[in-house]
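Participant:
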Amino acid sequence: MVVLGIETTCDETAAAVVERRDDGIGRILSDIVLSQTDEHAAFGGVVPEIAARAHVEALDRVVAAAIAKAGCGWDAIDGVAAAAGPGLIGGVIVGLTTAKAIALVRAKPLIAVNHLEAHALTARLTDATPFPYCLFLASGGHTQIVAVRGVGDYLRLGTTVDDAIGEAFDKTAKLLGLGYPGGPEVEKAAQRGDPQKFALPRPMLGRNDADFSLSGLKTAVRLEAEKIAPLSEQDICDLCASFQQAVVDVVRDRLRAGLRLFRERCGAPTALVAAGGVAANQALRAMLERIAVQAGTELVVPPARLCTDNGAMIAWAGAERLALGLTDPLEFAPRARWPLAELRR
Ligand code: KG4
Ligand code: ZN
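Residue numbers for the sequence shown follow our numbering, beginning at 1475 and rising by one.
(1) Quick check: is any heavy atom of the ligand ZN less than 7 Å from the C-beta of GLY1519?
(2) Per DSSP, SER1504 forms a beta bridge with which residues?
(3) Is the segment 1741-1754 in contact with the segment 1607-1621, if contact means three or more CB pairs nearer than 8 Å?
(4) Just the C-alpha distance for PRO1803 and GLY1545, rounded to the nearest angstrom, thanks.
(5) Would you mind stating whether CYS1714 and GLY1751 have Cβ atoms separated by less than 8 Å?
(6) Measuring CA to CA, which of LEU1590, ASP1644, ALA1602 is closest to ILE1619?
(7) From THR1572, GLU1486, PRO1583, pick the residue whose C-alpha is nearest to that of VAL1476; which is it?
(8) Identify which residue in THR1596, ARG1495, ALA1642, GLY1561 has its Cα closest to the Cα of VAL1722.
(9) Determine the direct distance from the alpha carbon of ALA1731 to that of GLU1523, and round the result to whole angstroms.
(10) If you compare alpha carbons, which of ALA1789, TRP1790, GLN1756, GLY1741 is closest to VAL1775?
(11) What is the rounded straight-line gap between the Cα of GLY1498 and the Cα of LYS1692?
(12) Of the residues ILE1788, ASP1685, SER1687, ALA1673, which one's Cα is nearest the Cα of ALA1699?
(13) Counting only runs of 4+ residues fully inside the segment 1510-1561, write out the alpha helix (DSSP H) ranges in chain order.
(14) If you reduce the DSSP assignment to three classes, tell me which class CYS1781 lands in.
(15) Could you check where the alpha helix (DSSP H) with PHE1717 kicks off and where it finishes?
(16) Near ASP1668, what residues of its chain come up, given a Cβ to Cβ distance below 7 Å and the 5 sequence neighbours on each side ignored?
(17) What runs of the alpha helix (DSSP H), each 4 residues or longer, lie entirely inside the segment 1629-1691?
(18) Taking the alpha-carbon positions, what's the ALA1538 to HIS1593 distance?
(19) Below 8 Å, how does it come out for the segment 1613-1629 and the segment 1761-1778: are there three or more Cβ pairs, yes or no?
(20) Under the assumption that ILE1551 contacts PRO1808 (Cβ atoms under 8 Å), give the Cβ distance between them as a whole number of angstroms.
(21) Between ASP1783 and GLU1486, how many whole angstroms is the CB-CB distance? I'm expecting something under 8 Å.
(22) When the distance is taken between beta carbons, is ALA1638 closer than 8 Å to GLY1615?
(23) Determine the burial state of GLN1718: buried for a count of at least 16 other Cβ atoms within 10 Å of its Cβ, exposed for fewer.
(24) Could you pull out every unbroken beta strand (DSSP E) segment of at least 3 residues lying fully inside the segment 1581-1608, listed in chain order?
(25) I think VAL1554 touches ALA1573, with their Cβ atoms under 8 Å apart; what is that distance to the nearest whole Å?
(26) So is the beta-carbon of GLY1750 under 7 Å away from any non-hydrogen atom of the ligand ZN?
(27) Starting from the C-beta of TYR1654, find all residues in its chain whose C-beta is less than 6 Å away, skip the five residues before and the five after it, and write them out in chain order.
(28) Do VAL1682 and the ligand KG4 come close, with the Cβ less than 7 Å from some heavy atom?
(29) Around the Cβ of GLN1768, are there at least 16 other Cβ atoms within 10 angstroms (buried) or fewer (exposed)?
(30) So, at 8 Å on beta carbons, what are the nonlocal neighbours of VAL1568 in its own chain, with the 5 sequence-adjacent residues on each side left out?
(31) Where the beta carbon is closer than 5 Å to any heavy atom of the ligand ZN, which residues qualify, in chain order?
(32) Can you check DSSP and say which residues form a bridge with GLU1486?
(33) Have a look at VAL1678 and THR1646 and give me their C-alpha separation to the nearest angstrom.
(34) Taking just the CA atoms, how far does ALA1789 sit from LEU1729?
(35) Buried or exposed for THR1511, going by 16 or more other Cβ atoms inside 10 Å?
(36) Give a yes or no on whether the C-beta atoms belonging to THR1617 and PRO1777 are separated by under 8 Å.
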């Protein structure tokens, strides 16, 4: 089964062709990602209107490149998948409408993919991870702990009540005058800083649920920065290191609670899977490695380019659904909001 996947929910215009064999093993035939980072950098964040227009301009070319690179031709394509949400609605409309047009003209089935489900299933493409596993999804827009029990079968164990982790990194970077996207900048500065220098809060620590709260942490960084302004380069490094350490401590505690809830409700997980751009953070990754061992399971982290937004994860989720006979009508409406718990199979 070979599926074309289209991703346009945020600031990456992406298309890919992925094969799923009958035994469930996946192979990426092509994977084209055009990042809009430069277009948004001047604004310190993604501007939805600019993103939607950039998707319109780029998507045709990106899809053509994905098909050409795959070298299989249109006839070999068994289905057309697009991220139908959740995300910035202008971009979602561009990707889903394009997929519908292709499906109609080429007489292929359409698969309307939930972007979060695509992140959740990527570990099966890269590592053939069996169900059920515990997913830690941390990106610029999402922070969730999810029990992945099957295609279309998700139990959300924890989520953020305010900012996403990537968003907290981005906002911290912005207030310290670092570049965008902020995560990698904060991580780089943190390497030269003292994580004990500032006593920042660890919100939600010790609670029985597995929820996160991150907006207070970013505010605490701002207050500390204001207290000692003007900031030296070393101050910035120390603030970044202290912030990153607080995030690591919070995630450690919240994931332990999440893994406990997982065992109560679903038994032993086959793996702890990390996904989303924040999974690229080395300090966080080292901690994830340790808690996976402590929980008696293994850590699976797909390669960085498949952790951040891409077309291959959409194509793969489409293939997993198509293999179960799950397709969608051409009237399927794009969704800005689409919680995993609302998915059906
Ligand atoms: O998954 P992603 O590419 O896009 C979505 O948000 O869907 O994630 C991007 C987020 C940004 O907030 C970025 O700052 C963060 O991931 N990020 C990091 C690192 N690399 C990217 N955060 C912390 N440390 C990093 N090394
Ligand atoms: Zn994403």
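Beta carbons are placed, not taken as given, at the ideal position from N, Cα and C, and that holds for glycine. All values derive from a computational prediction rather than experimental measurement.
Facilitator: On the basis of the supplied data:
(1) The residue given as residue 1519 occupies position 45 in the sequence shown. No - the ligand ZN has no heavy atom lying nearer than 7 Å to the Cβ of GLY1519.
(2) On the sequence shown, residue 1504 is found 30 positions in, with the first residue counted as 1. In DSSP, SER1504 forms a bridge with VAL1491.
(3) yes
(4) Along the sequence shown, one-based indexing puts residue 1803 at 329. Along the sequence shown, one-based indexing puts residue 1545 at 71. Taking the straight line joining both Cα atoms gives about 28 Å.
(5) Here residue 1714 is taken as the residue at index 240 of the sequence shown, counted from 1. Here residue 1751 is taken as the residue at index 277 of the sequence shown, counted from 1. The answer is no: Cβ separation not under 8 Å.
(6) Looking up residue 1619 in the sequence shown gives position 145. Closest by alpha carbon: LEU1590.
(7) For the purposes of this step, residue 1476 is taken as residue 2 along the sequence shown, with counting starting at 1. Residue PRO1583 is the option with its Cα nearest to VAL1476.
(8) Here residue 1722 corresponds to residue number 248 of the sequence shown, with the count starting at 1. Nearest C-alpha to VAL1722: ALA1642.
(9) Reading the sequence shown from its first residue, position 49 is the one you call residue 1523. Reading the sequence shown from its first residue, position 257 is the one you call residue 1731. Rounded to the nearest angstrom, the two C-alpha atoms are 39 Å apart.
(10) Mapped onto the sequence shown, residue 1775 falls at position 301. When only C-alpha atoms are compared, the closest one is GLN1756.
(11) Here the question's residue 1498 lines up with position 24 in the sequence shown. Here the question's residue 1692 lines up with position 218 in the sequence shown. Approximately 42 Å, taken between the alpha carbons.
(12) Taking the first residue of the sequence shown as position 1, residue 1699 is located at position 225. Nearest C-alpha to ALA1699: ALA1673.
(13) 1511-1515, 1522-1544
(14) Position 307 of the sequence shown, counted from the start, is the residue given in the question as residue 1781. It is helical.
(15) Within the sequence shown, numbered from 1, the residue matching residue 1717 stands at position 243. Where PHE1717 is concerned, the enclosing alpha helix (DSSP H) stretches over 1707-1740.
(16) As a working note, residue 1668 is residue 194 in the sequence shown. Once the five neighbours on either side are set aside, the close Cβ partners of ASP1668 are ASP1712, ALA1715.
(17) 1639-1649, 1656-1664
(18) Taking the sequence shown and counting its residues from 1, the one referred to as residue 1538 is at position 64. Taking the sequence shown and counting its residues from 1, the one referred to as residue 1593 is at position 119. Taking the straight line from one Cα to the other gives about 24 Å.
(19) no
(20) To locate residue 1551, count along the sequence shown from 1; it is residue 77. To locate residue 1808, count along the sequence shown from 1; it is residue 334. Not really, about 22 Å apart at Cβ, beyond 8 Å.
(21) In the sequence shown, counting from the first residue as 1, residue 1783 sits at position 309. In the sequence shown, counting from the first residue as 1, residue 1486 sits at position 12. About 4 Å; that satisfies the 8 Å criterion.
(22) Here residue 1615 is taken as the residue at index 141 of the sequence shown, counted from 1. Here residue 1638 is taken as the residue at index 164 of the sequence shown, counted from 1. Their beta carbons are under 8 Å apart, which means GLY1615 touches ALA1638 by this criterion.
(23) Along the sequence shown, one-based indexing puts residue 1718 at 244. Looking at its Cβ environment, which holds 16 or more other Cβ atoms inside 10 Å, GLN1718 is buried.
(24) 1584-1588
(25) Here the question's residue 1554 lines up with position 80 in the sequence shown. Here the question's residue 1573 lines up with position 99 in the sequence shown. Between ALA1573 and VAL1554 the Cβ distance is about 5 Å, and since that is below 8 Å, they are a contact.
(26) Locating residue 1750 in the sequence shown gives position 276, counting from the first residue. The answer is yes for GLY1750.
(27) Sequence index remark: in the sequence shown, residue 1654 carries index 180 (1-based). Cβ within range, chain order: ALA1515, GLY1518.
(28) Counting from 1 along the sequence shown, the entry for residue 1682 is found at position 208. Checking the sequence shown, residue 1682 turns out to be Asn, not Val. Incorrect: ASN1682 has no Cβ contact closer than 7 Å to the ligand KG4.
(29) Counting from one through the sequence shown, the residue named residue 1768 turns up at place 294. Label assigned to GLN1768: exposed.
(30) Your numbering for residue 1568 matches position 94 in the sequence shown. Cβ within range, chain order: THR1482, ALA1526, HIS1529, VAL1530, LEU1533.
(31) SER1613, ASP1783
(32) Against the sequence shown, residue 1486 aligns to sequence position 12. Its beta-bridge partners are SER1509.
(33) The count along the sequence shown starts at 1 and reaches residue 1678 at position 204. The count along the sequence shown starts at 1 and reaches residue 1646 at position 172. It is Met, not Val, that sits at residue 1678 in the sequence shown. Cα to Cα, MET1678 sits roughly 19 Å from THR1646.
(34) By 1-based counting over the sequence shown, the position of residue 1729 is 255. By 1-based counting over the sequence shown, the position of residue 1789 is 315. Their Cα atoms are separated by approximately 29 Å.
(35) By one-based count along the sequence shown, residue 1511 stands at place 37. Burial call: exposed.
(36) Position 143 of the sequence shown, counting from 1, holds the residue named residue 1617. Position 303 of the sequence shown, counting from 1, holds the residue named residue 1777. No, Cβ-Cβ distance for THR1617 and PRO1777 is not below 8 Å.
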